[in-house]
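Visitor: The structure under discussion is supplied below as structure tokens; questions concerning it will follow.
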Amino acid sequence: MQIPQDSPRRGKKVVSSRGFGSETADASGKAFPTVKAVGILEAIASARRPLGVSEIGVLLGLPKPTAHRIVRMLESEGLLQHEPGTRRFVPGARLVKFGLDIVGAAMLSAPRHSILEALSQNVGETCNFGVMNGRHVVYLDRVESEWPLGLRFEPGSRVPMYCTAMGKLFLSWLPKARRAALLGSMPLHRYTENTIVDPENLEKELEKIRSSKISIDNQEFLAGVICVAVPVFDSSGEPVAAIAISAPLARMSVENGLSHVPLLRVSASRLTETFDQEEIK
Numbered sequence: 340m341q342i343p344q345d346s347p348r349r350g351k352k353v354v355s356s357r358g359f360g361s362e363t364a365d366a367s368g369k370a371f372p373t374v375k376a377v378g379i380l381e382a383i384a385s386a387r388r389p390l391g392v393s394e395i396g397v398l399l400g401l402p403k404p405t406a407h408r409i410v411r412m413l414e415s416e417g418l419l420q421h422e423p424g425t426r427r428f429v430p431g432a433r434l435v436k437f438g439l440d441i442v443g444a445a446m447l448s449a450p451r452h453s454i455l456e457a458l459s460q461n462v463g464e465t466c467n468f469g470v471m472n473g474r475h476v477v478y479l480d481r482v483e484s485e486w487p488l489g490l491r492f493e494p495g496s497r498v499p500m501y502c503t504a505m506g507k508l509f510l511s512w513l514p515k516a517r518r519a520a521l522l523g524s525m526p527l528h529r530y531t532e533n534t535i536v537d538p539e540n541l542e543k544e545l546e547k548i549r550s551s552k553i554s555i556d557n558q559e560f561l562a563g564v565i566c567v568a569v570p571v572f573d574s575s576g577e578p579v580a581a582i583a584i585s586a587p588l589a590r591m592s593v594e595n596g597l598s599h600v601p602l603l604r605v606s607a608s609r610l611t612e613t614f615d616q617e618e619i620k
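Letter by letter, the sequence shown follows residues 340 to 620 in the numbering used here.
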């Protein structure tokens with residue numbers, strides 16, 4: 340996507356090399372196609388639900404044909420994609436990767452990484468920070484424990500949603516209709532004897548998680564591994580990420596893991612404060 344080099348005040352034509360066409364930006368406030376495209380991406384990324392073309396047009400004040408043309412171009416570039424079985428759009432793989440790369444880079448700098456380090460030192464176990472990405476959880480940052488026995492997942496690793504602590508947390512927060520559609524699109528593979536593969540039992544588990552705001556992976560993804568997660572909220576109170584501790588059952592039982600929930604919540608609150616600081620800047 341080519342960024343216009345000419346000043347909008349001169350009212351010059353700008354043609355995008357990506358095919359957004361040409362429009363004039365002048366003192367009347369008419370936007371370049373690139374600006375409109377960015378607005379559409381921002382609207383879909385911040386909506387936390389799929390949006391249709393008509394709704395996008397209303398939100399941004401765009402004629403439906405214009406919104407449709409730009410949405411189709413963004414879809415062809417992999418920045419947007421259709422939600423399965425609907426005519427609405429969600430962030431595409433390319434846009435998601437772009438966002439994850441940015442957040443991942445930010446996580447490696449203070450203070451967020453230091454919050455994970457402090458939590459890991461306090462509980463003596465591995466700590467993870469992750470977000471929902473499609474049908475998976477993606478680790479944006481991770482601090483390993485100093486124990487010789489442990490699991491090694493690099494930042495950027497993906498794990499299933501329905502059988503991991505962070506994944507179940509994200510699922511529990513989705514509207515029921517969207518959750519049902521998402522679960523219906525993924526096979527519930529039994530990783531261990533504890534994996535919940537019955538949809539009705541899984542739904543009951545998710546309701547408990549939403550109520551308590553605590554999610555437990557009791558050897559559901561990996562045999563012999565326990566994980567406990569809590570949500571990380573943004574300044575508006577929406578869950579945007581999750582923080583978790585994980586350890587072998589030989590070192591941490593479910594009860595032990597739950598005893599660390601107060602520390603997890605303190606760390607989650609500190610992470611929320613970092614989001615607030617970014618908004619102030």
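For every residue, glycine included, the Cβ atom is placed at its ideal position computed from N, Cα and C. Quick caveat: nothing in here was measured; it's all calculated off a predicted structure.
How is I395 classed by DSSP in three states: helix, strand or coil?
Guide: Within the sequence shown, numbered from 1, the residue matching residue 395 stands at position 56. Helix.
Visitor: In terms of residue numbering, what span does the beta strand (DSSP E) encompassing S585 cover?
Guide: By one-based count along the sequence shown, residue 585 stands at place 246. Taken as a continuous stretch (DSSP letters only), the beta strand (DSSP E) holding S585 covers P578 to P587.
Visitor: Anyone know if the C-beta pair for L398 and L419 falls short of 8 Å?
Guide: As a working mapping, residue 398 is identified with position 59 in the sequence shown. As a working mapping, residue 419 is identified with position 80 in the sequence shown. No, the pair does not count as a contact, with Cβ atoms beyond the cut-off.
Visitor: Just verifying my parser: in three-state terms, what is the DSSP assignment at H528?
Guide: On the sequence shown, position 189 is the one that residue 528 refers to. Reduced to three states, the DSSP call for H528 is coil.
Visitor: Which term fits S511, buried or exposed, when burial requires 16 or more other beta carbons within 10 angstroms of its beta carbon?
Guide: Walking along the sequence shown from the start, residue 511 turns up at place 172. By the neighbour-count rule (16 or more Cβ atoms within 10 Å), S511 is buried.
Visitor: Counting pairs of beta carbons, one from the stretch 421-432 and one from the stretch 457-469, are three or more of them closer than 8 Å?
Guide: No, they do not touch.
Visitor: Kindly indicate which residue of Q558, E485 and R518 has the alpha-carbon position closest to the one of E532.
Guide: Against the sequence shown, residue 532 aligns to sequence position 193. For the residues Q558, E485 and R518, the minimum Cα distance to E532 belongs to Q558.
Visitor: Buried or exposed: E544, going by 16 or more other Cβ atoms within 10 Å of its Cβ?
Guide: As a position in the sequence shown, residue 544 is number 205, starting the count at 1. Flag for E544 reads buried.
Visitor: When you compare the CB positions of L588 and V564, do they come within less than 8 Å of one another, or not?
Guide: Residue numbering aside, residue 588 sits at position 249 when the sequence shown is read from its first letter. Residue numbering aside, residue 564 sits at position 225 when the sequence shown is read from its first letter. Yes, the Cβ-Cβ distance between L588 and V564 is below 8 Å.
Visitor: Would you mind working out which of L602, R590, P389 and V498 sits nearest V569, comparing C-alpha positions?
Guide: Your numbering for residue 569 matches position 230 in the sequence shown. Measuring from the Cα of V569, the nearest candidate turns out to be L602.
Visitor: Considering only the beta carbon of each residue, do I517 and R388 sit closer than 8 Å?
Guide: On the sequence shown, position 178 is the one that residue 517 refers to. On the sequence shown, position 49 is the one that residue 388 refers to. One point to set straight first is that residue 517 is Arg, not Ile, in the sequence displayed. Yes, Cβ-Cβ distance for R517 and R388 is below 8 Å.
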